[in-house]
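In short: position in the sequence shown from 1, add 4, done, that's the working numbering.
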Amino acid sequence: KQEENVTEKIKDELNSIKTSFSDSFGTMSRDIAKDMTGALTKVDEKVLNFNQQIQTINESQNNFSRILAGVKQYGGLSEFSLASILEDLLPASQYIANAKMKPDETRDLVEFAVKLQNNILCPIDSHWPIEKYKAVDEAFQEKDKEALAAARHDLASAFRTKSKNVSQKYINPPMSTDFAIVYVPTEGLYAELSSYRDPKTKELLLEELRKKYKITIAGPNTLCAIIQAYHLG
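Here you go:
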């Protein structure tokens, strides 16, 4: 399964991020570099612990109906994963939980909003349609090409819908950035979304979402890199 190699991939990619950080910001004070490296180490540990929690949940579910029954639990873990990363990388004053991005228009709350320069907010919402992702994995394991194509299409459609909703509800310049982030909690899911192309247009899904809805899809490693870029450089 794709998730079987996630832990190793996370280690490699986070080590790469740490190396890049060290090279790019070598002129910074040793204390700041030490603090950030420590934070990234905490992120590494949090993501690994998170994947262990997912493995435990997977082992406790014996059929698809039980997976569907646990959708709310997966959604909560997705938000927990996002909260853990922000907590380890940023001081509490630099992000807002359950932020209202369009106070005059809607009561909808984005899960988190990160404060950037001039207190502009970057909206971040998590998404984990686990039943659709499981369908992709099952079709792949069974080598059912038709089922795999249909499952990948359904997964992509779920992220198109999510991206449209996030774009409409939370992107609100100049209060916010002119883009928002949809966070996915596993590198396996992020890899699946990154590789998906529309069968007709051949356009990569992530490019489509950026152009059409101004949404950036981010896994744990990508989110760490984005936060570093905006807050350090």
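For every residue, glycine included, the Cβ atom is placed at its ideal position computed from N, Cα and C. For clarity, every value in this text was computed on a predicted model and none was experimentally measured.
Contact between the segment 214-228 and the segment 143-155 is not established, with fewer than three Cβ pairs separated by less than 8 Å. E207 is positioned such that its CB atom lies no closer than 8 Å to that of L159.
The DSSP assignment places complete alpha helix (DSSP H) segments of no fewer than 4 residues inside the segment 168-231 at 191-199, 209-217, in order along the chain. Beta-bridge partners assigned by DSSP to K119: L125. The Cβ atoms of H235 and V186 lie no closer than 8 Å to each other.
A Cβ-Cβ contact shorter than 8 Å links L86 with I128.
For the pair of segments examined, the segment 222-231 was found not to touch the segment 159-171: the number of CB pairs separated by less than 8 Å stays below three. Shown here for H157: same chain residues with a beta carbon closer than 8 Å to its own, the five before and five after excluded, namely P203 in chain order.
Note: V114 is bridge-paired with A103 in the DSSP secondary-structure output. For S88, DSSP records no beta bridge to any residue. Take V188, set aside five residues on each side of it, and the residues of its chain with a beta-carbon closer than 6 Å to its own are Y194, G223, in chain order. The Cβ atoms of E115 and N102 lie closer than 8 Å to each other. In this structure, the alpha-carbon of S161 lies about 10 Å from that of A154. Between the alpha carbons of C126 and P177 lies a gap of roughly 10 Å.
The beta carbon of I230 is closer than 8 Å to those of I185, T220, A222 in its chain, skipping five residues each way along the sequence.
According to DSSP, residue pairing for S97 in a beta bridge does not occur.
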